[in-house]
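J.:
In our numbering, the protein residues as written are 8 to 294.
1. Where residue 65 and residue 193 are concerned, what is the direct C-alpha to C-alpha distance, given to the nearest angstrom?
2. By how many angstroms is the C-alpha of residue 60 removed from the C-alpha of residue 37?
3. For residue 231, which residues from the same chain have a beta carbon less than 8 angstroms from its beta carbon, with the 5 sequence-adjacent residues on both sides left out?
4. For residue 249, which residues of its own chain have a beta-carbon under 7 angstroms away from its beta-carbon, when the five flanking residues on both sides are left out?
5. Using CA atoms only, rank isn't needed, just tell me which of 27, 46 and 25 is closest to residue 295.
6. Quick check on the DSSP output: what are the complete beta strand (DSSP E) runs of length 3 or more inside the stretch 178–219, in order along the chain?
7. Which residues bound the alpha helix (DSSP H) around residue 24?
8. Return the chain-ordered list of same chain residues with a C-beta closer than 6 angstroms to the C-beta of residue 252, the five sequence neighbours on each side being excluded.
9. Tell me which residues share the same chain as residue 224 and place their Cβ nearer than 8 angstroms to its Cβ, disregarding the 5 neighbours each side in the sequence.
10. Rounded to whole angstroms, how far is the Cβ of residue 295 from the Cβ of residue 72, which I believe are closer than 8 angstroms?
11. Taking the alpha-carbon of residue 81 as reference, which of 286, 214, 87 and 127 has the nearest alpha-carbon?
12. Determine the burial state of residue 296: buried for a count of at least 16 other Cβ atoms within 10 Å of its Cβ, exposed for fewer.
13. Roughly how many angstroms separate the alpha carbons of residue 240 and residue 133, rounded to a whole number?
14. Can you tell me whether residue 125 is helix, strand or coil according to DSSP?
15. Cα-Cα, which of 98, 207, 272 and 94 is closest to residue 196?
16. May I have the straight-line CA-CA distance separating residue 255 from residue 145, to the nearest angstrom?
17. How would you call residue 4, buried or exposed, if buried means at least 16 neighbouring beta carbons within 10 angstroms?
18. What is the DSSP secondary structure of residue 152, reduced to helix, strand or coil?
19. Measure the CB-CB distance between residue 169 and residue 139 and report whether it falls below 8 angstroms.
20. DSSP has residue 280 in a bridge; who is on the other side?
21. What are the start and end residues of each continuous beta strand (DSSP E) run of 3 or more residues lying completely inside the stretch 76–112, in chain order?
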């Protein structure tokens with residue numbers, strides 16, 4: 008039998024030896040997950056013996072994390088914009104950087120009620136469901152080509168209590184989408200194909216390639232969405248993308264080419280391009 012402190016030290020050692028970047032945080036988060044404890048409880052009880060069954064479960068998860076399987080896939084949990092989401096190997100793990108996309112869309116929405124939101128390449132549904140949490144009386148549609156991803160998104164809609172506000176459809180971009188929307192948001196695959204092999208193991212080996220590969224130059228999905236979004240957006244509607252760190256100028260140029268106005272590039276806390284957002288030109292009315 009081992010104490011909680013001994014197990015935690017063992018976990019740190021295993022992950023350090025395997026080259027996991029976040030050695031101590033990941034060893035702790037797995038312990039927190041397995042034993043259902045917090046830091047305060049741990050410091051008060053660290054010398055006590057842990058249950059053998061739970062200790063074995065902790066060791067098994069450490070072994071998997073040592074293979075660079077993402078922590079969130081081991082716990083099936085990810086936090087995004089203050090909400091907890093279910094994730095697995097079929098969806099991209101929500102990133103904190105993506106929260107900037109939600110923030111900027113909410114700013115543009117300006118507290119209006121009853122908006123309709125379309126989320127292309129919805130994955131886990133975290134962007135759409137986070138927007139619906141903060142947009143009063145809003146309705147949303149999430150589209151994705153992956154049936155397995157849509158199952159995750161639907162589960163998250165249930166977890167967040169948003170099943171009546173959402174509809175998820177299997178669609179190759181706009182293929183199965185109908186209707187018009189006030190907001191079109193997307194975090195599409197944007198990594199150039201040749202760059203994927205350079206990604207860290209956690210991403211390259213275990214996250215779905217479909218959610219990563221933006222084709223040769225990483226801009227394929229931006230071109231396709233920008234070219235057709237106008238057919239699905241109401242006048243003055245919002246089009247918002249998450250983008251790669253060096254894609255701001257290129258993606259904003261695509262929106263400008265398609266006639267969008269008030270186009271902005273928003274940077275993340277590291278000063279890198281993260282979001283491009285613009286508005287569809289208001290249709291002129293003739294009397």
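We put the CB at the ideal spot given by N, CA and C, even for glycine.
T.: Quick look at the numbers:
1. Spanning the two alpha carbons is a distance of roughly 37 angstroms.
2. Here the alpha carbon of residue 37 sits roughly 15 angstroms from the alpha carbon of residue 60.
3. A distance below 8 angstroms between beta-carbons, with the five flanking residues on each side excluded, links residue 231 to the following residues of its chain, in chain order: 180.
4. Closer than 7 angstroms at the Cβ level, and outside the excluded window around residue 249, lie 105, 108, 194, 281 and 282.
5. A query on residue 295 cannot be resolved here, the shown segment of the chain reaching from 8 to 294 and no further.
6. 188–193
7. 11–25
8. Same-chain partners within the cutoff: 279 and 280.
9. 199
10. Only positions 8 to 294 of the chain appear in this structure, which leaves residue 295 out of reach.
11. 214
12. Absent from the model: residue 296. The displayed extent of the chain is 8 to 294, so no value can be given.
13. C-alpha separation (whole angstroms): 21 angstroms.
14. strand
15. The shortest C-alpha separation from residue 196 is found at 98.
16. 29 angstroms
17. For the chain, the structure presents residues 8 to 294; residue 4 sits outside this window and is missing.
18. Under the three-state reduction of DSSP, residue 152 is assigned to coil, being neither helix nor strand.
19. yes
20. DSSP lists 274 as the bridge partner or partners of residue 280.
21. 84–87 and 90–93
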